[in-house]
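Numbering (my numbering), first residue to last: 419 to 708.
Written out as structure tokens, the structure reads:
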């Protein structure tokens, strides 16, 4: 293949640090530089021709060499799994969350809003549940309808603040079983301290909806998911009212396979580990102990 040919000219556009491997017609993947070449050189492979084209520099010619496809190997970089993060931007969610941020909100009002926003988050988190068609007896004879199938659900409130969202979640999944996990945060070290757990049977066959108003450092949520996975649960979704970027990053690093649903991703944490602007101490506001 001549170096001045059209296909060769199109391949000169390789970047020095990100060469391209040609693995088929109009199909490419990024790869690391070949260990036998310096960073000043680029290369790509045409498997259909069993040729390796090596670009010497930014302006040099392209040389082609034959290679043995049985022994030539280029390792593509492994892509880290990314956690699914959904920030629900529905107007009702924004409005209700805004009311919860008021400094003089009553315990009754805060508790009601926590349940309502929890209900709206559940609506979003269950949007991908599978359904199946069944025939039932309607008012005018048999009728085909759709019903939810697949894994059953367990709601997992993290004590104590998670109880404030549980009622709203159960509005949409009233037959769900309840699993309870008790974890508190050491206010000095900010580390989670588990003190209680009561999980439903056959949790490995259920989807877990873990609810907690705040995702701050992420320690309590990570510890809860650790407990669930150790018990065999493999399908986990997290529902929080507000989340800090620090907590999201920690959760994604520890459990990238879970899904996170939140009403707001706030600015971050202060020196005491509280979310800013956040909601204050959600547990105290829900239980009236502030």
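Beta carbons: idealized from backbone N, C-alpha and C, even for Gly.
Bear in mind the structure is a predicted one, so any value in this text is a computation, not a measurement.
Own chain residues within Cβ distance below 6 angstroms of residue i, not counting five before or after
| i | result |
| --- | --- |
| residue 525 | 706 |
| residue 598 | 616 |
| residue 544 | none |
| residue 488 | Note on residue 488: pLDDT 49, under 50, position unreliable in the model; the coordinate value appears next. Closer than 6 angstroms at the Cβ level, and outside the excluded window around residue 488, lies no residue. |
| residue 430 | In this prediction, residue 430 has a pLDDT of 36, which is less than 50 and means its spatial position is unreliable; what the coordinates show is noted afterwards. Cβ within range, chain order: n/a, list empty. |
| residue 562 | 551, 553 |
| residue 581 | 575 |
Own chain, CB closer than 8 angstroms to residue i, minus 5 neighbours either side, in chain order
| i | result |
| --- | --- |
| residue 560 | 553, 554 |
| residue 549 | 564, 565, 566, 567 |
| residue 621 | 572, 597, 646, 649, 650, 651 |
| residue 569 | 623, 624, 625, 653 |
Own chain partners of residue i with C-beta closer than 7 angstroms, once the 5 adjacent residues on each side are dropped
| i | result |
| --- | --- |
| residue 641 | 601, 610, 612 |
| residue 528 | 518, 703, 704 |
| residue 637 | 603, 608, 609, 610 |
| residue 675 | 499 |
| residue 508 | 538 |
Pair within 8 angstroms by beta-carbon distance, residue i and residue j
| i | j | result |
| --- | --- | --- |
| residue 506 | residue 692 | no |
| residue 684 | residue 668 | no |
| residue 579 | residue 681 | no |
| residue 687 | residue 539 | no |
| residue 576 | residue 630 | yes |
| residue 502 | residue 664 | no |
| residue 514 | residue 534 | yes |
| residue 536 | residue 587 | yes |
| residue 574 | residue 531 | no |
| residue 659 | residue 632 | yes |
Element boundaries [beta strand (DSSP E), containing residue i]
| i | result |
| --- | --- |
| residue 661 | 653–661 |
| residue 611 | 610–616 |
| residue 560 | 559–566 |
| residue 570 | 570–577 |
| residue 680 | 677–683 |
| residue 697 | Neither: residue 697 is in no beta strand (DSSP E) and is coded neither H nor E. |
| residue 629 | 624–629 |
Span of the alpha helix (DSSP H) around residue i
| i | result |
| --- | --- |
| residue 525 | 525–543 |
| residue 639 | 637–648 |
| residue 551 | No alpha helix (DSSP H) holds residue 551; the beta strand (DSSP E) holding it covers 549–556. |
| residue 588 | 581–588 |
| residue 511 | 509–518 |
| residue 703 | 700–705 |
Counted within 10 angstroms of its Cβ, other Cβ atoms place residue i as buried (16 or more) or exposed
| i | result |
| --- | --- |
| residue 654 | buried |
| residue 673 | buried |
| residue 696 | buried |
| residue 510 | exposed |
| residue 547 | exposed |
| residue 643 | buried |
| residue 605 | exposed |
| residue 670 | buried |
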